[in-house]
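Structure record follows, encoded as structure tokens.
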């Protein structure tokens with residue numbers, strides 16, 4: 144069973160290493176992300192347009208496995224429908240971390 148958290152926000156925060164999936168292609172196939180996550184045992188965050196799942200490791204082997212074994216077989220393309228991003232902590236004034 145999955146643990147999918149729905150956030151009614153336009154922007155979702157990137158944390159650690161995050162796989163960001165544009166759900167447009169799944170939605171066009173009438174695949175609901177909740178059902179997709181339950182079927183594949185996935186957890187993450189969605190706003191209905193994007194699906195995000197984060198991993199604290201780098202390199203993010205788990206996220207690459209999700210891309211290759213779960214999302215690409217559904218017809219999603221890497222760098223078009225999904226991408227893996229790494230959080231960048233930026234030091235600002237007086238070497239404090241910028242929120």
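In our numbering, the protein residues as written are 144 to 242.
The C-beta atom is built at its ideal place from N, Cα and C for all residues, glycine as well.
All values reported here derive from a predicted model rather than from experimental measurement.
TODO: Kindly confirm or deny that the stretch 194 to 207 and the stretch 158 to 175 touch, where touching means at least three C-beta pairs closer than 8 Å.
DONE: yes
TODO: Specify, as a first and last residue, the run of the beta strand (DSSP E) that residue 229 falls within.
DONE: The sequence position of residue 229 within the chain shown is 86, counting from 1. Unbroken beta strand (DSSP E) run through residue 229: 225 to 229.
Open item on the list: Using the three-state DSSP reduction, which class does residue 198 fall into: helix, strand or coil?
Closed with: The residue you call residue 198 lines up with position 55 of the chain shown. In this structure, residue 198 counts as strand in the three-state DSSP scheme.
TODO: On a CA-only basis, which of 181, 203, 212 and 218 is nearest residue 172? Give me that one, please.
DONE: In the chain shown, the residue the question calls residue 172 occupies position 29. Of the listed residues, the one whose Cα sits closest to residue 172 is 218.
Open item on the list: Which residue marks the beginning of the alpha helix (DSSP H) containing residue 192, and which one marks its end?
Closed with: Numbered from 1 along the chain shown, position 49 holds the residue referred to as residue 192. Careful: residue 192 lies outside any alpha helix (DSSP H) and carries neither H nor E.
TODO: Could you give the DSSP three-state label for residue 147: helix, strand or coil?
DONE: In the chain shown, the residue the question calls residue 147 occupies position 4. Strand at residue 147.
TODO: Just mark residue 210 as buried or exposed, buried being the case when its beta carbon has 16 or more other beta carbons within 10 Å.
DONE: Residue mapping note: residue 210 aligns to position 67 of the chain shown, counting from 1. Residue 210 is buried by the Cβ-count criterion.
Open item on the list: Buried or exposed, going by whether 16 or more other CB atoms sit within 10 Å of the CB of residue 226?
Closed with: If you number the chain shown from 1, residue 226 lands on position 83. Residue 226 is exposed by the Cβ-count criterion.
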